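To start, the structure under review is shown below, and the notes come after it.
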Amino acid sequence: MSIEDVVTGYHAAMVHKSADELADLYAQDGLHEFPFGGLPPFKGREEVRAGYQAMWGGTAFDAQEVRRVALHRTEDPEVVVVEQTTVVMAAGQSVDVPGLLVLRVRNGHIIHTRDYMDTSAIARVRATTG
Numbered sequence: 018m019s020i021e022d023v024v025t026g027y028h029a030a031m032v033h034k035s036a037d038e039l040a041d042l043y044a045q046d047g048l049h050e051f052p053f054g055g056l057p058p059f060k061g062r063e064e065v066r067a068g069y070q071a072m073w074g075g076t077a078f079d080a081q082e083v084r085r086v087a088l089h090r091t092e093d094p095e096v097v098v099v100e101q102t103t104v105v106m107a108a109g110q111s112v113d114v115p116g117l118l119v120l121r122v123r124n125g126h127i128i129h130t131r132d133y134m135d136t137s138a139i140a141r142v143r144a145t146t147g
């Protein structure tokens with residue numbers, strides 16, 4: 018799977034709120050970190066699956082769309098930076114949540130993600146859902 022395919026699959030999993038789709042993109046020992054999110058890292062494919070099942074299963078909002086603003090390739094062929102905006106519908110209100118993903122992809126699987134989200138936008142989403 019190409020990096021382009023991985024990013025497309027990642028965004029589709031977000032819209033589908035499918036922890037299985039997302040986890041399947043990871044290597045068995047992949048790591049997912051939230052440097053600004055205040056969440057512990059998910060270590061390994063099964064922690065990614067369980068973590069996102071818990072996170073997405075307990076939310077009253079849905080990602081309507083993930084807009085890829087840009088995909089930046091780096092000097093390291095395994096690493097890309099994805100600028101994105103997730104359009105979230107919460108309590109009938111649309112909120113744009115900007116974010117960055119720094120992905121390291123090896124042999125068609127994510128081995129490391131650093132997931133940077135706009136925490137003020139996340140707070141607006143949470144405020145609408147009570």
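Residue numbers for the sequence shown follow the numbering used here, beginning at 18 and rising by one.
C-beta: ideal position from N, C-alpha, C; glycine also.
Note that the structure is predicted; figures quoted are calculated from it, not measured.
Check your understanding: Hey, which unbroken runs of the beta strand (DSSP E) at 3 residues or more fall wholly within the segment 29 to 63?
Key -> 43 to 50
Point to revise | Environment of H89 [buried if 16+ CB atoms lie within 10 Å] | key: exposed
**Study point:** Length at least 3, wholly inside the segment 82 to 132: the beta strand (DSSP E) runs in chain order
**Key:** 96 to 107, 110 to 123
Exercise for review: Determine, using beta-carbon pairs with one atom in the segment 67 to 87 and one in the segment 25 to 36, whether at least three such pairs fall under 8 Å.
Suggested key: yes
Check your understanding: In whole angstroms, what separates the C-alpha of P57 from that of V24?
Key -> 22 Å
**Study point:** Member of S19, V99, H49 whose CA lies at the smallest distance from the CA of G61
**Key:** H49
Review point. From K34, Y43, H33, A36, pick the residue whose C-alpha is nearest to that of M18; which is it?
Key: Y43
Check your understanding: Taking just the CA atoms, how far does M134 sit from A108?
Key -> 20 Å
Exercise for review: Taking only heavy atoms of the ligand ADP into account, decide whether any of them is closer than 7 Å to the Cβ of A144.
Suggested key: With respect to the ligand ADP, the structure shown offers nothing to examine, as it has no ligands at all.
Exercise for review: Compare the C-alpha of V104 against each of R123, E95, V32 and name the closest.
Suggested key: V32
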